[in-house]
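Residue 158 in my numbering sits at position 25 of the sequence shown; the count goes up by one each step and never skips. Built from N, CA and C at the ideal position, the CB exists for glycine as well. So the structure is just underneath, and the comments pick up after that.
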Amino acid sequence: MDRIACHAEETFAAMDAAHRLAKEFRARLDSLPPRAMIDHQSLLAAFNRPLPEHPRPAAEVIEELAAAAAPGLTGNAGPNFFGWVQGGSHGAGVAADWLTSAWGQNVGPYRTAPAAAVAEMVSTGYLLDLLDLPRGASIGFASGATTASLICLIVARDASLKRARFDLAAHGIFAAPPVTIVLGADAHSTIYAALRYLGFGEANLARINVDGEGRMEARDLAAQLPRITGPKIIVAQAGHINSGAFDPFTEIADLAAAHDAWLHIDGAFGLWARAAPTLRALAKGADRADSWSVDGHKWLQTPYDCAFAVVKDPAAHEASMRIAASYLDPPPEGAHDPTARVIELSRRARAFPVWALLQTLGRSGVVEMIERHAACARHLAYLLRDDPRIHVLNDVVLNQVALAFGPAGEEGDRLTADVIAGVQAENASYVGGAVWKGRRILRVSVSSNLTEKRHMETLAGSIRRALDRAAP
Ligand SMILES: Cc1ncc(COP(=O)(O)O)c(C=O)c1O
């Protein structure tokens, strides 16, 4: 058989196997154990085979991959996973993602993948409409909110230095005037990571006090900003990781304008509140920022990995991100190079699943899911309200519920850790822990598209049983 016929036969057999295995997996999402069921050594043993010296049939390898991975899969595609804000990879996006892989497009310059570039352009319009952000903004299709924030903060840094008449391209970052990053004391850890990658250290940060929900205090921001000289970038947050709370964007945007500061909003999951009529008010004023990072793979349910680096000024976005080379042809009139909005030259066509998902869900599908998840979070708080040992530490405004058990202090922290371990051991639902406001908490994040109120009842039952076992 010639190479092409052989390739077709082999890949079709592998694709058929993958298709069957994926359907088998998806058919049991409702009963999927939310926590991976295997210890590290066993999982390692399942994968750790010698590198073959010779080719093997791909279909056989796919079967073996599925068997090795199965016990080590986390069940976040199912409805009972509440451990972190992780989406459930909606089937429409998954199907489009299969095609994306099959087509093997390289989304760099427009000419390398025209269909993918156009899907990005059109999806950009859908996203700006749903999130109600300035319609002329540009979007880079990034791998996650961490990279989306990194992209936005690179653009913010470059634009801020340009405004300060410093030529970064000529003189480099080490000769630049100091840029101050102004951020809430409860900013997400990935913002600190992005800042570190960018070369910002402790000395460049101005931390703003936060209130009991982790929201930046506008009063402290107003007090600190006049004392900061030179370029400033304010990093605000839509959706605090523990409370789901939103910074007061209207006041922050007023202060940013008054002090000539760039305003970036990390809205990894929370920015989606802007799509939902009953939640929109939480993120009022967020449209006045200069840039936003928001995930597709969390609340929008695109397959991993997918996020959006949104910049109000496309020229600033491109000035920071463009990669030019003589062998890269320019895009046609009215189009842009997708690579000029992200940090990669080559990457996956993330917009195909985004386009397919948004065409499938439509506006009302997105709104229904966001509002359902917020209702689920409120329902859980309601279900647990009557036990005096259970404390809901946050104002449940979005999809996050922060629970603590027993008294504040070591005894309560131990009890909370025991409840988390008990829920994880039962493995009907998955929750994780965190430390917030000096207390260990059990954190519930509702963000998988299959989750509905009955799953909160399952979770509440698990929590009660774990608590009764830990504190009989
Ligand atoms: C507020 C916030 N920002 C950023 C991130 C990082 O997002 P990603 O994991 O997509 O990089 C998260 C993740 O949970 C988050 O909650």
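Taking just the CA atoms, how far does Leu396 sit from Ile367? 5 Å
Are three or more beta carbon pairs between the stretch 214-231 and the stretch 486-500 nearer than 8 Å? yes
So Asp230 is in the alpha helix (DSSP H); what residue range does that whole segment cover? 224-236
With Asp551 as the anchor, note down where its alpha helix (DSSP H) starts and where it stops. 543-559
Verify the contact flag: Lys570, CB atom, against every heavy atom of ligand 1, threshold strictly below 8 Å. no
Contact between the stretch 536-550 and the stretch 182-194 is defined here as three or more beta-carbon pairs at a separation below 8 Å; is this criterion met? no
I'd like to know whether the C-beta atoms of Val564 and Phe215 end up nearer to each other than 9 Å. yes
Length of the line joining the Cα atoms of Leu575 and Tyr325: 24 Å
Nearest-angstrom beta carbon gap, Asp265 and Arg496 [assumed within contact, 8 Å]: About 11 Å separates the two Cβ atoms, so there is no contact after all.
Does DSSP put Lys156 in a helix, in a strand, or in coil? helix
Find out if the Cβ-Cβ distance for the pair Val240, Ala229 is shorter than 9 Å. no
Measuring CB atoms only, is the stretch 505-523 touching the stretch 579-589, in the sense that at least three cross pairs come out at less than 8 Å? yes
Could you tell me the alpha carbon to alpha carbon distance between Cys285 and Ala203, rounded to whole angstroms? 37 Å
Does the Cβ of Asp399 have 16 or more other Cβ atoms within 10 Å, making it buried, or fewer, making it exposed? buried
Drop a sphere of 10 angstroms on the beta-carbon of Glu466, count the other beta-carbons inside from all chains shown, and report buried for 16 or more, exposed for fewer. exposed
To which residues of the same chain is Gly334 closer than 7 Å at the C-beta, ignoring the five residues directly before and after it? none
Met170, buried or exposed, once every other Cβ within 10 Å from all chains shown has been counted against 16: exposed
Spatial neighbours of Asp613 within its chain, please: C-beta separation below 7 Å, excluding the five flanking residues on both sides. No answer is possible for residue 613: it lies beyond the span of the chain, which begins at 134 and ends at 605.
Inter-residue CB distance, Ala281 and Ala440 (contact presumed, cutoff 8 Å): 4 Å
For Val487, the first and last residue of its enclosing alpha helix (DSSP H): 484-516
By alpha-carbon positions, which one of Asp262, Leu358, Arg159, Ile553 ends up nearest to Ala390? Leu358
What first and last residue would you give for the alpha helix (DSSP H) that runs through Gln357? 351-357
How big is the Cα-Cα spacing for Arg474 and Val499? 25 Å
Kindly indicate the opening and closing residues of the alpha helix (DSSP H) around Ile324. 322-330
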